[in-house]
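Read through the structure below, which is laid out as structure tokens, and then see the notes.
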Ligand code: SF4
Ligand code: MG
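Numbering (UniProt numbering), first residue to last: 1 to 333.
Here's what the structure looks like:
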């Protein structure tokens with residue numbers, strides 16, 4: 001079956017004053033209808049840039065796709081005509097950002113912003129559009145939605161604003177939603193509520209969802225698959241429940257050991273040493289080698305491909321891959 005979204009061997013570069021930054025260096029991932037893919041990585045790993053390429057918001061230089069395909073329902077967004085591409089992206093995809101306050105219009109009430117979507121895109125009357133807007137505000141559980149429809153974005157709390165962004169994204173019933181750090185700015189309790197709401201709506205609407213995050217802790221309950229990015233590449237991919245139990249890449253292992261756990265209060269958190277690489281000068285071989293606790297000579301010269309990960313006896317582990325020369329040692333010890 002054709003996946004909803006199929007990103008193939010994507011490369012994205014940025015022209016900067018100091019040279020060319022290689023932000024995305026051969027990313028492959030797929031998302032099916034009704035499926036959630038979590039894309040995990042530190043800032044600068046290429047997770048947002050990949051999503052921006054999918055959404056078509058890189059089009060203005062300095063960022064541009066240099067290689068690859070972005071197939072949406074089997075058709076390459078990168079080669080279709082501009083008008084058609086705009087249509088697909090406008091009606092079938094939506095994005096949720098970290099900062100709702102800058103994504104929403106500050107001088108238009110939230111009810112009017114939502115109504116506008118229905119008036120412009122579905123040609124509804126003012127009255128019908130307003131009723132639909134209020135219905136959607138209720139659906140994302142804004143208390144007293146009818147009374148609050150006339151309020152402006154700044155009059156809502158951070159969590160409520162994020163719900164309004166989700167409502168905006170859902171308004172046209174897209175088939176794919178990309179959420180870039182949707183809960184990062186919120187406190188932990190609110191984070192969980194917003195994440196649960198997003199997961200619930202994703203199931204209800206049977207949408208594909210890409211959840212971009214730097215926090216492994218927030219995706220465990222909502223994602224089906226996970227792709228871990230480093231220096232513009234996917235370094236590990238796996239069904240989500242498996243990665244927590246048995247990571248197959250030293251970077252993922254480090255990330256997991258950095259999650260605070262309630263049952264291990266007082267334990268010192270392992271933080272991965274060093275900094276993510278400068279994208280103008282990505283280290284040769286495995287880009288993670290300067291920070292990797294088990295790096296060997298081969299790591300400094302040979303780029304690891306995404307190896308298929310198996311059990312010790314060679315039994316395949318479907319959907320798993322690791323871009324580490326020593327994935328066996330990492331997963332099987
Ligand atoms: Fe570490 Fe080498 Fe594996 Fe890279 S390839 S993660 S440097 S062991
Ligand atoms: Mg980002």
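Note that beta-carbon positions come from the ideal geometry of N, C-alpha and C, so glycine has one too.
Taking each of 40, 37, 70, 2 in turn and checking the Cα distance to residue 11, the smallest one comes out for 70. Not one heavy atom of the ligand SF4 sits closer than 7 Å to the Cβ of residue 108. In the DSSP assignment, residue 308 falls within the unbroken beta strand (DSSP E) covering 307–310. In this structure, residue 9 has its beta carbon at no less than 7 Å from each heavy atom of the ligand SF4. Sequence-distant Cβ neighbours of residue 331 in its own chain, meaning closer than 8 Å and more than five residues away, are 246, 247, 248, 309, 322.
Remark: the shortest separation between the CB of residue 227 and any heavy atom of the ligand SF4 does not fall under 7 Å.
Annotated three-state conformation of residue 6 is strand, per DSSP. The alpha carbon of residue 251 has as its nearest neighbour, out of 6, 63, 41, the alpha carbon of 41.
Remark: fewer than three beta-carbon pairs, one from each stretch, lie closer than 8 Å, so the stretch 8–27 and the stretch 202–209 are not flagged as touching.
Taking each of 274, 221, 239 in turn and checking the Cα distance to residue 254, the smallest one comes out for 274.
Checking the DSSP bridge columns, you'll see residue 236 partnered with 228, 322. Ranking 91, 96, 137, 240 by CA distance to the CA of residue 173 puts 91 first.
In the structure shown, residue 196 falls within a helical segment according to DSSP collapsed to helix, strand and coil. When DSSP states are grouped into helix, strand and coil, residue 220 belongs to the coil group.
Taking 8 Å as the cut-off, the beta carbon of residue 226 is found no closer than this to the beta carbon of residue 178. Rounded to the nearest whole angstrom, the CA to CA distance from residue 303 to residue 272 is 21 Å.
When rounded, the separation of the alpha-carbon atoms in residue 238 and residue 151 is 43 Å.
Closest option to residue 137, judged by alpha-carbon separation, among 300, 107, 171, 120: 171. The beta carbon of residue 44 sits closer than 6 Å to the beta carbons of 276 from its chain, once the five residues preceding and following it are set aside; these are given in chain order. Proximity of the stretch 181–197 to the stretch 147–161 meets the contact definition, three or more beta-carbon pairs being nearer than 8 Å.
Close CB contacts of residue 121 within its chain, under the 6 Å cut and outside five residues either way in sequence, are with 172 (chain order).
Just so you know, the alpha carbons of residue 312 and residue 37 end up roughly 26 Å apart. Within the model, the alpha-carbon separation for residue 155 versus residue 286 is close to 48 Å.
Of the heavy atoms belonging to the ligand SF4, none sits nearer than 7 Å to the Cβ of residue 205. Apart from sequence neighbours up to five positions away, the residues of its chain that approach residue 130 with a beta-carbon distance below 8 Å are 111, 115, 149, ordered along the chain. When DSSP states are grouped into helix, strand and coil, residue 185 belongs to the coil group.
Cβ-Cβ distances below 6 Å link residue 169 to 94, 96, 177 in the same chain, with the five nearest sequence neighbours on each side left out; the list follows chain order. Inclusion of residue 25 and residue 233 in the CB contact set at 8 Å is warranted, their separation being smaller than that value. When DSSP assignments are scanned along the stretch 35–87, the uninterrupted stretches of beta strand (DSSP E) that are 3 or more residues long and fall wholly within it turn out to be 36–40, 63–72.
Those residues placing their Cβ nearer than 5 Å to any heavy atom of the ligand SF4 are, following chain order, 250, 286, 288, 289, 292, 294, 295, 299, 304, 324, 325, 326. Taking each of 328, 32, 84, 58 in turn and checking the Cα distance to residue 23, the smallest one comes out for 58.
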